[in-house]
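Enquirer: The numbering of the sequence shown is the UniProt record's numbering, which starts it at 1 and goes up by one. Glycine is no exception: its CB is placed at the ideal position from the N, C-alpha and C atoms.
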Amino acid sequence: MFGALAVGRTTATGLLESEDVLATADAMRAVGAIIEKQQDGSYAIDGVGLGNLLEPESVIDFGNAGTGVRLTMGIFGTHDIAATFVGDASLSKRPMGRVLNPLREMGTSVIARSGDRLPASIRGAKQALPMTYRVPMASAQVKSAVLLAGLNAPGETTVIEPIPTRDHTEKMLAGFGADISVTINEAGERVIKLQGQPELKPQDIEVPGDPSSAGFPIVAALIVPGSDITVENVLLNEHRTGLITTLVEMGGDIQIVNKRVSGGEEIGDILVKASRLHGITVPADRAPSMIDEYPVLAVAAAFAQGDTFMPGLEELRVKESDRLAAVARGLEANNVPCVETEDTLTVTGGTNNIGGGTVTTHLDHRIAMSFLILGLAAHNPVTVDDGAVIATSFPNFINLFEEMGGTITKTGSEAA
Numbered sequence: 001m002f003g004a005l006a007v008g009r010t011t012a013t014g015l016l017e018s019e020d021v022l023a024t025a026d027a028m029r030a031v032g033a034i035i036e037k038q039q040d041g042s043y044a045i046d047g048v049g050l051g052n053l054l055e056p057e058s059v060i061d062f063g064n065a066g067t068g069v070r071l072t073m074g075i076f077g078t079h080d081i082a083a084t085f086v087g088d089a090s091l092s093k094r095p096m097g098r099v100l101n102p103l104r105e106m107g108t109s110v111i112a113r114s115g116d117r118l119p120a121s122i123r124g125a126k127q128a129l130p131m132t133y134r135v136p137m138a139s140a141q142v143k144s145a146v147l148l149a150g151l152n153a154p155g156e157t158t159v160i161e162p163i164p165t166r167d168h169t170e171k172m173l174a175g176f177g178a179d180i181s182v183t184i185n186e187a188g189e190r191v192i193k194l195q196g197q198p199e200l201k202p203q204d205i206e207v208p209g210d211p212s213s214a215g216f217p218i219v220a221a222l223i224v225p226g227s228d229i230t231v232e233n234v235l236l237n238e239h240r241t242g243l244i245t246t247l248v249e250m251g252g253d254i255q256i257v258n259k260r261v262s263g264g265e266e267i268g269d270i271l272v273k274a275s276r277l278h279g280i281t282v283p284a285d286r287a288p289s290m291i292d293e294y295p296v297l298a299v300a301a302a303f304a305q306g307d308t309f310m311p312g313l314e315e316l317r318v319k320e321s322d323r324l325a326a327v328a329r330g331l332e333a334n335n336v337p338c339v340e341t342e343d344t345l346t347v348t349g350g351t352n353n354i355g356g357g358t359v360t361t362h363l364d365h366r367i368a369m370s371f372l373i374l375g376l377a378a379h380n381p382v383t384v385d386d387g388a389v390i391a392t393s394f395p396n397f398i399n400l401f402e403e404m405g406g407t408i409t410k411t412g413s414e415a416a
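What follows is the structure, encoded as C-alpha cells:
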C-alpha cells in the first residue's frame with residue numbers, strides 16, 4: 001500500500017505470499033501501481049504517488065482479507081475515484097461501518113448492504129476533509145484506515161486512541177516520510193497527528209515474521225513432549241507480543257535471542273521448549289496486543305493444569321467468524337471443558353482423552369490452524385472441516401509442521 005502511494009520504486013523482501021497479501025497487491029495494481037516479483041524472491045512496487053490513483057476498471061475482490069479491504073477503503077476514500085469491494089462469504093458478514101463511518105465524515109460517499117457489509121461501493125471525496133477521530137474500539141484497522149485516508153486530505157488529521165493497539169502504520173508512515181507525531185494526553189490516550197498530502201518516499205523494506213503466525217509453532221512446541229525449536233526473525237513490537245508474555249506466565253520455556261532493529265521495528269529469534277503449563281487469568285487489557293492469538297492460546301490452555309480465564313474478548317465476535325463461539329465449540333467437540341460468556345472464555349486444561357472431534361472452521365483460517373495444533377498433542381486425532389482456508393495467511397503451514405515431525409493428513413478435510 002505504501003509503495004503504491006510513493007513515487008518511485010519500493011522493494012520488499014520476506015513478503016508472505018498469502019492470499020490476503022496477494023489480494024492487496026491486486027488492489028494496488030487496480031489503481032495503477034506496478035507490482036512484480038523479482039528473481040531473488042523480492043517484490044518491486046512502482047508507485048503512482050499520493051493523489052494520483054487511477055479508477056479501478058473492475059470490482060476489487062479481497063477474498064478473506066479484512067485488514068486489506070478496510071485499509072484500502074481508507075486510501076481510496078479520499079481520492080476522487082469510485083471503487084466496488086467484494087469478499088468471500090466470511091468477509092461479507094463482517095462489519096465495515098467502523099471504517100465507513102469516519103470516511104463518510106471525511107466526504108466519502110458509500111453504498112453498501114444493510115449493516116454496512118460487503119459488497120460495498122465508495123466514491124472518494126473530490127476535496128477530502130481532515131478530521132479528529134476518537135476510535136470507539138481497540139482496533140488498529142480502524143485507526144490505520146483513518147490515518148491512510150488522512151494522507152490525501154489537506155490539513156491535519158488526528159486520531160485519538162484510548163486503548164493502544166499495534167502501531168505498524170504509524171512507524172511506516174514516518175519511515176516513508178510522512179509528517180506524523182504521537183503523544184500521550186492527560187487522559188493517558190495516544191494522540192496521533194498526521195499532516196496531509198506529503199510526498200511519500202519509496203523504501204527498501206524487510207518484512208519480519210508475523211507474531212500471529214509464529215504463535216502456531218510456539219504453542220505446538222510447548223505442548224508436544226520433547227519439542228525444542230527456534231522461530232527466527234519474528235517481529236517483537238510491544239503491541240504484538242501479548243501471546244508470548246502470556247505463555248511465559250503460564251510456565252512456558254521461551255527465550256528471545258538475537259534481538260535487532262530492522263525498518264524501525266525490533267525483531268528477534270524465539271527459542272521454545274516443551275513445558276508444563278498452568279492456567280492463569282489473562283489481563284483483559286492485554287487483548288489488543290494478542291487479539292488474533294486467542295484461538296491458539298485456548299489450545300495451549302487445553303494442555304495446562306487448571307483453569308485459564310480470558311476476559312475482554314468481545315472483539316472476537318466480529319472476526320472472520322464469531323471466533324469466541326467457534327473456539328468454544330471446537331474445544332467441546334474435542335473433550336476440553338470450557339465456559340463461554342459474551343466476552344470471556346474459561347478453559348479447563350489437563351484433562352484426559354483430548355481430541356477425537358471434528359471442528360467447524362466457519363471459513364476462518366485461525367480456527368483451522370489452531371485446532372490442527374491441538375491435534376498434534378491430543379490423545380486422538382482432530383479433524384477440521386476445511387483446510388483450504390489456511391492459505392489465507394499461512395500457505396506453507398502444513399509443510400512446515402510436517403518438516404518438524406508433525407503428521408497432518410489431507411482427507412476431504414484436514415486431520416492432525
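#1: Counting only the same chain and skipping the five closest in sequence on each side, list residues whose C-beta sits under 6 Å from that of A328.
#2: Apart from the five residues just before and just after S413, which ones in its own chain have a Cβ nearer than 8 Å to its Cβ?
#3: Using CA atoms only, rank isn't needed, just tell me which of E17, L54, G306, H168 is closest to I81.
#4: Leaving out five residues on either side along the sequence, give the residues of the same chain with a beta carbon under 7 Å from the beta carbon of M28.
#5: Kindly indicate which residue of G77, A112, M96 has the alpha-carbon position closest to the one of A125.
#6: So who's on the other strand from M310, going by DSSP bridges?
#7: How many angstroms separate the CA atom of I45 from the CA atom of A33?
#8: In angstroms, rounded to a whole number, what distance separates the CA positions of I19 and G74?
#9: Count the other CB atoms within 10 Å of the CB of P164; is the residue buried (16 or more) or exposed (fewer)?
#10: So the candidates are A128, R70, R260, I270; which of them puts its Cα closest to the Cα of G51?
#11: Measure the Cβ-Cβ separation of D116 and L100 and say whether it is below 7 Å.
#12: Distance check for I218 and C306, CA to CA, integer angstroms please.
#13: Count the other CB atoms, across all protein chains shown, that sit within 10 Å of the CB of L321; report buried if there are 16 or more and exposed otherwise.
#14: I need the boundaries of the beta strand (DSSP E) containing F85, first residue and last residue.
#15: Please report the distance separating the alpha-carbon of I291 from that of P311.
#16: Here's a check: name, in chain order, each residue in its chain whose Cβ is nearer than 7 Å to the Cβ of A153, leaving out the five neighbours to either side.
#17: Rounded to whole angstroms, what is the Cα-Cα separation between E232 and I373?
#18: Can you tell me whether L324 is helix, strand or coil according to DSSP?
#19: I need the straight-line Cα distance from R190 to R240, nearest angstrom please.
#20: If you follow the alpha helix (DSSP H) that A112 is part of, which residue opens it and which one closes it?
#21: Given that a residue counts as buried once 16 or more other Cβ atoms are within 10 Å of its Cβ, and exposed if not, what is N334?
#22: Between V159 and Y133, is the Cβ-Cβ spacing less than 7 Å?
#23: Could you please give the first and the last residue of the uninterrupted beta strand (DSSP E) stretch that includes T241?
#24: For chain D, is any of its Cβ atoms less than 7 Å away from the one on R190?
#25: What's the gap between the Cα of A30 and the Cα of V86?
#26: Going by DSSP, what residues sit across from H278 in a beta bridge?
#27: Taking C-alpha atoms, which residue in Q255, V336, V318, H362 lies nearest to E342?
Expert: Per the coordinate set shown:
#1: Here residue 328 refers to the residue found at position 328 of the sequence shown. Same-chain partners within the cutoff: C338, E340.
#2: Here residue 413 corresponds to residue number 413 of the sequence shown, with the count starting at 1. Annotation note: pLDDT 48 at S413 (below 50); position unreliable, coordinate value reported separately. The answer, listed in chain order, is T358, T383, V384, D385, D386, G387.
#3: Taking the sequence shown and counting its residues from 1, one reaches residue 81 at position 81. Per the Cα distances, L54.
#4: In the sequence shown, residue 28 corresponds to position 28, counting from 1. Around M28: M1, A4, I35.
#5: Counting from one through the sequence shown, the residue named residue 125 turns up at place 125. Closest by alpha carbon: G77.
#6: By one-based count along the sequence shown, residue 310 stands at place 310. DSSP output for M310 lists L345 as bridge partner(s).
#7: The sequence position of residue 45 within the sequence shown is 45, counting from 1. The sequence position of residue 33 within the sequence shown is 33, counting from 1. Their backbone Cα atoms lie some 7 Å apart in a straight line.
#8: The residue labelled residue 19 in the question sits at position 19 within the sequence shown. The residue labelled residue 74 in the question sits at position 74 within the sequence shown. Strictly speaking, residue 19 in this sequence is Glu, with Ile absent from that position. Between E19 and G74, the C-alpha separation is close to 20 Å.
#9: In the sequence shown, residue 164 corresponds to position 164, counting from 1. With 16 or more Cβ atoms within 10 Å of its Cβ, P164 is classed as buried.
#10: On the sequence shown, position 51 is the one that residue 51 refers to. It is A128.
#11: Residue numbering aside, residue 116 sits at position 116 when the sequence shown is read from its first letter. Residue numbering aside, residue 100 sits at position 100 when the sequence shown is read from its first letter. A contact, by the Cβ cut-off of 7 Å.
#12: Taking the first residue of the sequence shown as 1, we reach residue 306 at position 306. Taking the first residue of the sequence shown as 1, we reach residue 218 at position 218. Per the sequence presented here, residue 306 reads as Gly, with Cys not at that position. Between G306 and I218, the C-alpha separation is close to 21 Å.
#13: As a position in the sequence shown, residue 321 is number 321, starting the count at 1. For the record, residue 321 in the displayed sequence is Ser; it is not Leu. Buried: at least 16 other Cβ atoms inside 10 Å.
#14: Working through the sequence shown from its first residue, we reach residue 85 at position 85. Run containing F85: 82-86, per the beta strand (DSSP E) assignment.
#15: For this step, residue 291 is matched to residue 291 along the sequence shown. For this step, residue 311 is matched to residue 311 along the sequence shown. Computed Cα separation, rounded: 11 Å.
#16: To locate residue 153, count along the sequence shown from 1; it is residue 153. Counting only Cβ-Cβ distances below 7 Å, and skipping sequence neighbours, we find T78, M106, A128, L129, P130, G196.
#17: On the sequence shown, position 232 is the one that residue 232 refers to. On the sequence shown, position 373 is the one that residue 373 refers to. Taking the straight line joining both Cα atoms gives about 19 Å.
#18: Locating residue 324 in the sequence shown gives position 324, counting from the first residue. In this structure, L324 counts as helix in the three-state DSSP scheme.
#19: As a first step, residue 190 is located in the sequence shown; it is residue number 190 there, counting from the start. As a first step, residue 240 is located in the sequence shown; it is residue number 240 there, counting from the start. So the two alpha carbons sit approximately 17 Å from each other.
#20: For this step, residue 112 is matched to residue 112 along the sequence shown. Unbroken run through A112 is the beta strand (DSSP E), 109-113; no alpha helix (DSSP H).
#21: As a first step, residue 334 must be located in the sequence shown, where it is residue number 334. With 16 or more Cβ atoms within 10 Å of its Cβ, N334 is classed as buried.
#22: Taking the sequence shown and counting its residues from 1, one reaches residue 159 at position 159. Taking the sequence shown and counting its residues from 1, one reaches residue 133 at position 133. In this structure, Y133 lies closer than 7 Å to V159 by Cβ.
#23: On the sequence shown, position 241 is the one that residue 241 refers to. Run containing T241: none; DSSP gives neither H nor E here.
#24: Looking at the structure shown, chain D is missing, and only one protein chain is on hand.
#25: In the sequence shown, counting from the first residue as 1, residue 30 sits at position 30. In the sequence shown, counting from the first residue as 1, residue 86 sits at position 86. The alpha-carbon atoms of A30 and V86 are separated by roughly 14 Å.
#26: What you label residue 278 is simply residue 278 of the sequence shown in a count that begins at 1. DSSP lists Q305 as partners of H278.
#27: In the sequence shown, residue 342 corresponds to position 342, counting from 1. Minimum Cα distance to E342 is reached at V318.
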